[in-house]
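S.K.: Throughout the sequence shown, residue numbering follows this note's numbering, covering 1 to 128 in sequence. Can you read through this structure? Questions will come right after.
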Amino acid sequence: MGKIALGTTGAIAVITGVALLGFSPAGCSCISPVNLLSFAAGYSAPGTLLSPAALEAGLNKTLHGMPLAPQRSALGDDHCRQTTPERMVCRIPVHTSLLLTRGLDVTYQASGGRITRVSVERAVWLGD
Numbered sequence: 001m002g003k004i005a006l007g008t009t010g011a012i013a014v015i016t017g018v019a020l021l022g023f024s025p026a027g028c029s030c031i032s033p034v035n036l037l038s039f040a041a042g043y044s045a046p047g048t049l050l051s052p053a054a055l056e057a058g059l060n061k062t063l064h065g066m067p068l069a070p071q072r073s074a075l076g077d078d079h080c081r082q083t084t085p086e087r088m089v090c091r092i093p094v095h096t097s098l099l100l101t102r103g104l105d106v107t108y109q110a111s112g113g114r115i116t117r118v119s120v121e122r123a124v125w126l127g128d
């Protein structure tokens, strides 16, 4: 009787393991836009929302003189739009509800295609 129970338990474990491997979603190696901002600002605190002032100071320090265009591709076209050739605004969502989205507005000012100033502000906008 014990061998049958042990065999059945083993078979169930194997079937469950195969099912979990076959149907589990692939892990995402994506980095959130908030973490990308933190890393670009020179901080390595993934999962921690830094203050807008800290992000702004870090981004101004690390991105001054860098080309404007790569910043858009780094944060993604879903979040950034270039309003003029010398200005780009990125809306980074942090918390989303049915009606409102809270996040950060990151504005890049440039001259000659190079970043001269970055400003970061808390923002609230209507959800999509």
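Backbone N, C-alpha and C define an ideal beta-carbon position, used for all residues, glycine too.
Just the C-alpha distance for residue 34 and residue 111, rounded to the nearest angstrom, thanks.
M.R.: Distance between the alpha carbons of residue 34 and residue 111: 25 Å.
S.K.: CB residue 59 to CB residue 106, shorter than 9 Å?
M.R.: Yes. Within cutoff.
S.K.: If you draw a straight line from the C-alpha of residue 30 to the C-alpha of residue 44, how long is it?
M.R.: Each residue's alpha carbon lies about 16 Å from the other.
S.K.: Using 9 Å as the threshold, is the C-beta distance between residue 127 and residue 99 below it?
M.R.: Result yes, Cβ atoms of residue 127 and residue 99 sit closer than 9 Å.
S.K.: Output the distance between the C-alpha atoms of residue 109 and residue 62, rounded to the nearest integer angstrom.
M.R.: Cα to Cα, residue 109 sits roughly 14 Å from residue 62.
S.K.: So, at 6 Å on beta carbons, what are the nonlocal neighbours of residue 125 in its own chain, with the 5 sequence-adjacent residues on each side left out?
M.R.: Once the five neighbours on either side are set aside, the close Cβ partners of residue 125 are 101.
S.K.: Report the three-state DSSP secondary structure of residue 63 (helix, strand or coil).
M.R.: Residue 63: helix per DSSP, three-state reduction.
S.K.: For residue 87, collect the residues of the same chain with a Cβ closer than 8 Å to its Cβ; drop the 5 residues on either side in sequence, then sort them by chain order.
M.R.: 107, 108, 109 and 110, listed in sequence order.
S.K.: State the Cα-Cα distance for the pair residue 42 and residue 56, rounded to the nearest angstrom.
M.R.: Spanning the two alpha carbons is a distance of roughly 11 Å.
S.K.: Buried or exposed: which applies to residue 53, given that a residue is buried once 16 or more other Cβ atoms fall within 10 Å of its Cβ?
M.R.: Residue 53 is exposed by the Cβ-count criterion.
S.K.: What's the C-alpha gap between residue 92 and residue 79?
M.R.: Approximately 6 Å between the Cα atoms of the pair.
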